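Residue numbers (the working numbering): 26 to 851. A short write-up of the structure that comes next.
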DNA sequence: GGAGGTGACGTACC
DNA sequence: ACCGGTACGTCACCTCC
């Protein structure tokens, strides 16, 4: 039979010692299809140069004899072929060694130790990735597939009848066809419990939201049945809740089951409670229960239904460019959906009254609703990344940036006839981590001041465009200078001054990056044409991907790690940056600012057209795909000195554009570890100064704030300081205020884990006066009066002092009355 | 016991 | 452990006199 098909979920199973892929997807009528397929399993052995054919033949005979009995499997080398391939851009003669089971390739590789063989590769990419590459069955692409219908057949041990799909097919042929519309069936869920520790407390309720249903299942009933909202369904106890949940998910049978932090909370919790009650949480299409990966980051998988923890995708793809200070559902929803969680203060269920329970239902339902909407909003982006990297949705949605880059490379090697480099293991990895890091970008010390008419230029995807233009990668790195080669600027490498050279013959990594680079440009244009929160996010997501290629090359866990490449890229970054600064200055402009890939200068009397013409001239002098672009014209810009000393502070500035929009970088305003009052005060001061160029009003404003502080008219919430607990309490060598606050929380039995934002304020300490801030720490719930001196001297005044210094306003005189106090003391 | 330097730490920029 | 280096600023901690 023949049908159209879009692959979504990939699983693997063994049957009679061989590997099979089981792919769940849809046809265009939304029927669920299960496809069973296999593919050749092999690894590569790279031969040393100039091995005579007779020796190779002999070697092949020996390799063909290899047999293994491991883990209850009989596995053997089935055949050996000889091929001409590339490895790291260099032509090599290789043996393609076919074996029975992918899981045994590693053991087989260990047996292939012969003097003629240089390296063994291609046994460590995982069967699913291998299968996708081999059969070109790419996730989220449309195919016309042809095969044999499995109808309760005993082939594969009756696997077809064990899968809840409309039909199951043994694949024969696939043909890529043009994209069709696919709208995944999405179901969001969220649970509420009394305890945060997995499985420790009861699950009080669970909510489910799709575009068809809105439902809360609970056993916590209101005393008056008539009060029950329509979306609430009562069950008799927690056990029944688990059964109803499972039944409901199975009935809806979504493509994606989505949660927020659900990899590490909701699904493991449901499973733990189900185990307690001996209930089967058989959510999988094959009736299986969720499977949890071991390791630091928990992942929760359901066969056939793609479980997505949307938090993980947001963290990788957008977090860097988000305004939200935490990745809590509340803040993320506020930023992307303009909606927040329902206002409800969670208490232990024993302390809730009737009204509370009604609010709690609503709160629970709304969390699923927000999660549902987040997935809907980001589905186009997730889809785009899956198509670019060709990794399945389940894996991609959980991956970090290095994985995005690496998957993209691995899935495209064949176009270059390349065989894959191996994953690094220890001690190689720890060696890489221990080497001295290479010198990074150049940051110009800015000239402090308030300026008018500031122009900003920046390079488009600078690192990536350098990699492409100078053909930099592990494979193209030359051992010594060649006549036709790219030469890096002189750089310091492991304590030695040196240069690196790269071949002019295009390497596969630079070639591949060109595509990411183009995609990034495309999404940037799209955003400029139609600026909204989503085009912005998409643009940023590809900005992240493009920017992380260089990071990937310098990442110790990367297959294509190359410190020489990384050092060269950065040397070019410094060179192009400094050259640009010099050219702008030579043209007669006053350069105020520069950081890595950008330069800011004063327009002076020149028109915007003249600036654009100058930019064009600069671009004509740049090599390859490198491009400098106009970041913007700004009405005013503010740079300050460092807190200590008189030199300009790097990575700290504020700009206002012609529309009156502000761009604030590095200031305390944008730092979450300062109290709100300090941040808002500074923000307002910056606004007053940038909007009107008048510091007088700003000074009056600060005086008002100071007065309020002194008269204790500031609400405590404005004074809370938030600091993240980055490691476990016992690991801290220095006991800072937030560690003290965390200790207090622990003593009070407040749940606490790594990564939590710790909240505290600094209080007056009556009697004993200590110099240490940490001895004045109080939790927000603790009674106490805020410490006036601390908030003035350590929060408010430091945040604005440097700004007023620009205008020669003497803070000592105005706010500290230093001389008088000194006199009064005696 | 105060000054001043240094290290640990968290956070931001690109 | 899961992209990198550069930079600022606070607070604790140490040394020195």
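We treat Cβ as the ideally placed atom computed from N, Cα and C, and that holds for glycine. Since the model is a prediction, treat every value here as computed from it, not as a measurement.
Kindly identify the DSSP beta-bridge partner or partners of residue i.
i	result
residue 619	624
residue 351	Per DSSP, none; premise fails for residue 351.
residue 475	663
residue 69	121 and 146
residue 51	31 and 57
residue 784	747
residue 528	510
residue 772	Partner(s): none; residue 772 has no beta bridge.
residue 657	481
residue 194	60 and 174
So, using beta-carbon positions, are residue i and residue j closer together than 9 Å?
i	j	result
residue 496	residue 667	no
residue 419	residue 559	no
residue 566	residue 343	yes
residue 653	residue 484	yes
residue 213	residue 309	no
residue 578	residue 724	no
residue 430	residue 573	yes
residue 287	residue 325	yes
residue 155	residue 415	no
residue 339	residue 292	no
residue 575	residue 158	no
residue 298	residue 228	yes
residue 379	residue 255	no
residue 362	residue 398	yes
Rounded to the nearest angstrom, what separates residue i and residue j at their Cα positions?
i	j	result
residue 36	residue 246	40 Å
residue 820	residue 700	7 Å
residue 707	residue 689	11 Å
residue 393	residue 417	24 Å
residue 680	residue 750	32 Å
residue 66	residue 42	12 Å
residue 588	residue 536	19 Å
residue 374	residue 761	35 Å
residue 391	residue 367	7 Å
residue 253	residue 383	8 Å
residue 199	residue 171	6 Å
residue 758	residue 718	45 Å
residue 489	residue 272	49 Å
residue 311	residue 329	7 Å
residue 599	residue 75	42 Å
residue 32	residue 402	21 Å
residue 94	residue 360	56 Å
residue 53	residue 396	26 Å
residue 778	residue 686	38 Å
residue 50	residue 26	16 Å
residue 79	residue 85	10 Å
residue 806	residue 369	17 Å
residue 626	residue 615	5 Å
residue 764	residue 790	19 Å
residue 568	residue 544	9 Å
residue 46	residue 282	22 Å
If you follow the beta strand (DSSP E) that residue i is in, where does it begin and where does it stop?
i	result
residue 111	98–112
residue 518	516–518
residue 173	168–175
residue 95	92–95
residue 522	521–523
Is any non-hydrogen atom of the ligand MN found closer than 8 Å to the C-beta of residue i, if you look at the structure I gave you?
i	result
residue 821	This structure lacks the ligand MN; in fact it carries no ligand of any kind.
Identify the continuous alpha helix (DSSP H) that holds residue i and give its terminal residues.
i	result
residue 60	Note, residue 60: premise wrong, no alpha helix (DSSP H); beta strand (DSSP E) at 57–62.
residue 135	130–136
residue 576	558–578
residue 634	633–645
residue 435	426–435
residue 920	Residue 920 falls outside the range modelled here, since the chain spans only 26 to 851, and no answer is possible.
residue 759	Looking at the DSSP string, residue 759 is not in any alpha helix (DSSP H), and its letter there is neither H nor E.
residue 156	152–160
Which ranges would you report for the beta strand (DSSP E) in the segment 201–272 if only whole runs of at least 3 residues count?
The qualifying runs are 211–218, 228–234, 239–243 and 257–259.
Which runs of the beta strand (DSSP E), 3 residues or longer, sit entirely within the segment 659–705?
Segments of the beta strand (DSSP E) lying fully in the segment 659–705: 673–682 and 687–690.
If you scan the segment 273–339 from start to end, which runs of the beta strand (DSSP E) of 3 or more residues do you find wholly inside it?
Qualifying beta strand (DSSP E) stretches, in chain order: 281–284 and 331–334.
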